[in-house]
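Asker: Mind looking over this structure? Questions follow.
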Amino acid sequence: MACEPLWRISRADLDKLMGTIEVESARLSECRFAAGARLGIERVDRPTIHYGLTGSGKIIVDGEVAIELVPHMLVVTPPNKSIEIVANGSSFGCPGPVAGGIQKSTFVPGSVTRYEIGEGEPSFSLVCGCFRAVYGPGLGLFASLASPVVETFDAYDQLDQVMSYAMAELTAREIGRGPMASALFKLVLLTLLRRSLTSSNAWVERFSLLNDPPIARAFAEMASSPAADFSVQTLCRSVGLSRSAFMARFTAAFGESAMSVLRRLRMRHAASLLAANALSVEQVALQAGYQSRSSFTRTFRQHYGTDPSDYRSEAKNAS
């Protein structure tokens, strides 16, 4: 019997929520292990991702039960965790040197494109990396993750190809390689989230909005139309909650008020429009829900620490 999905909000609202996910940074490496080789992953302040390509091995996260990593399996580990990866065929669980008697230092995922571990022909390979993904007004998608996310995919999901494309973009010198790699990595995360939402994996409950359908609906409306004339009154009326209940539940989900979240959504939308360099500052202000350029500029400066015109110039130079 199929597992009941964990989410309780409408598909339309869920689509809008998933549309707010952004990958702000991502670095990837392909790691190739000789039989019995082991590698320590350095603690980083971001989640790490591991996707099995060939062969099999084990991932041990801060002493938890080992995860058997096989092709098409994807594992996301919480930030600031010690991780060890061991290719099958080792004296598993015993600390010390890798196969061949060579001690490997800890490795930062994404620091190099390809990393060889141990001596001899590779028997196990995976893509690993660290990333930062946010949703809504900038909430970390995996910020509250306490234990690893583990999902197994099929060959026809083609995540191995998407990972390869993302790595190729990250190592290329082409214009737009950063945004392209982030878009590809976002595809991986959306595929993971879609799979998890219809499985019995409890990690997705930490995607806090899924536990409160009215608040999810209100946020989805703001995220899809940030320039609209929203107020607390119109929002609570649209989802059938009293003002006090709406404000309390919204703050519980986001840690800030609805109007504060709306302001951040508008500023993120404005920043993306400025970076695209297709509209004037006045037009961007209108698209972000501001009738006054001066009011927009003041709010933008408070949020980003720079004027809209300067932000656009910096974004243009960075590209």
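According to the UniProt record's numbering, the sequence shown is numbered sequentially starting from 1. Virtual Cβ for every residue (Gly too), placed ideally from N, Cα, C.
Is the Cβ-Cβ distance between residue 225 and residue 26 less than 7 Å?
Answerer: Going by C-beta atoms, residue 225 is not nearer than 7 Å to residue 26.
Asker: Can you tell me which of the three DSSP states residue 11 falls into?
Answerer: Residue 11 falls in the helix class under three-state DSSP.
Asker: By a C-beta neighbour count over all protein chains shown, 10 Å radius and 16 as the cutoff for buried, is residue 135 buried or exposed?
Answerer: Residue 135 should be labelled buried.
Asker: Determine the direct distance from the alpha carbon of residue 304 to that of residue 164, and round the result to whole angstroms.
Answerer: Residue 164 and residue 304: Cα-Cα distance of roughly 34 Å.
Asker: Between the beta-carbon of residue 67 and the beta-carbon of residue 149, is there less than 7 Å?
Answerer: Cβ atoms of residue 67 and residue 149: not closer than 7 Å.
Asker: On the DSSP bridge list, what partners appear for residue 73?
Answerer: 152, per the DSSP bridge assignment.
Asker: Secondary structure at residue 228, three-state DSSP: helix, strand or coil?
Answerer: Looking at residue 228 - three-state DSSP - the assignment turns out to be coil, as it is neither helix nor strand.
Asker: Only counting the same chain, and skipping five residues up and downstream in sequence, which positions put a Cβ closer than 8 Å to that of residue 284?
Answerer: Only 270, 273, 274, 296, 308 meet the Cβ criterion.
Asker: Count the other CB atoms, across all protein chains shown, that sit within 10 Å of the CB of residue 125; report buried if there are 16 or more and exposed otherwise.
Answerer: Result: buried.
Asker: So, using beta-carbon positions, are residue 128 and residue 50 closer together than 7 Å?
Answerer: In contact: residue 128 and residue 50 (Cβ atoms closer than 7 Å).
Asker: Return the chain-ordered list of same chain residues with a C-beta closer than 6 Å to the C-beta of residue 145, the five sequence neighbours on each side being excluded.
Answerer: The answer, listed in chain order, is 78.
Asker: Confirm, please, whether the CB-CB distance from residue 84 to residue 36 is below 7 Å.
Answerer: Not closer than 7 Å, so no.
Asker: Can you grab the Cα-Cα spacing for the pair residue 19 / residue 56, in whole Å?
Answerer: Going from the Cα of residue 19 to the Cα of residue 56 covers about 34 Å.
Asker: Work out the CA separation of residue 175 and residue 280 for me, nearest whole Å.
Answerer: Rounded to the nearest angstrom, the two C-alpha atoms are 24 Å apart.
Asker: Going along the chain, which residues of its own chain have a beta-carbon closer than 7 Å to the beta-carbon of residue 212, five neighbours each way excluded?
Answerer: These residues qualify, in order along the chain: 249, 253.
Asker: What are the start and end residues of the alpha helix (DSSP H) that includes residue 171?
Answerer: It spans 159–171 - the alpha helix (DSSP H) in which residue 171 sits, taken as one unbroken run.
Asker: In terms of residue numbering, what span does the alpha helix (DSSP H) encompassing residue 304 cover?
Answerer: Run containing residue 304: 293–304, per the alpha helix (DSSP H) assignment.
Asker: Within 10 Å of its beta-carbon, does residue 231 have 16 or more other beta-carbons around it, so buried, or fewer, so exposed?
Answerer: Exposed is the call here.
Asker: So what's residue 316 in DSSP terms, helix, strand or just coil?
Answerer: Of the three classes helix, strand and coil, the one that applies to residue 316 here is helix, per DSSP.
Asker: Which same chain residues, not among the five before or five after residue 187, have their C-beta less than 6 Å away from its C-beta?
Answerer: Result list for residue 187: 162, in chain order.
Asker: Taking C-beta to C-beta, are residue 59 and residue 70 nearer than 7 Å?
Answerer: For residue 59 and residue 70, no; Cβs fall outside 7 Å.
Asker: When you compare only the Cα positions, how much space is there between residue 299 and residue 170?
Answerer: Near 34 Å, if we compare the C-alpha coordinates of residue 170 and residue 299.
Asker: Just confirm the distance between the C-beta atoms of residue 47 and residue 131, as a whole number of angstroms; I'd bet it's less than 8 Å.
Answerer: About 6 Å; that satisfies the 8 Å criterion.
Asker: How should residue 311 be labelled, buried or exposed, when 16 other C-beta atoms within 10 angstroms of its C-beta is the threshold for buried?
Answerer: When all chains shown are included, residue 311 counts as buried.
Asker: Name the one or two DSSP bridge partners that residue 130 has.
Answerer: According to DSSP, residue 130 bridges with 27, 48.
Asker: Is DSSP giving residue 323 helix, strand or coil here?
Answerer: As displayed, the chain neither begins before 1 nor continues past 319, which places residue 323 out of reach and without an answer.
Asker: Could you check what DSSP says for residue 182 in three-state terms: helix, strand or coil?
Answerer: Helix.
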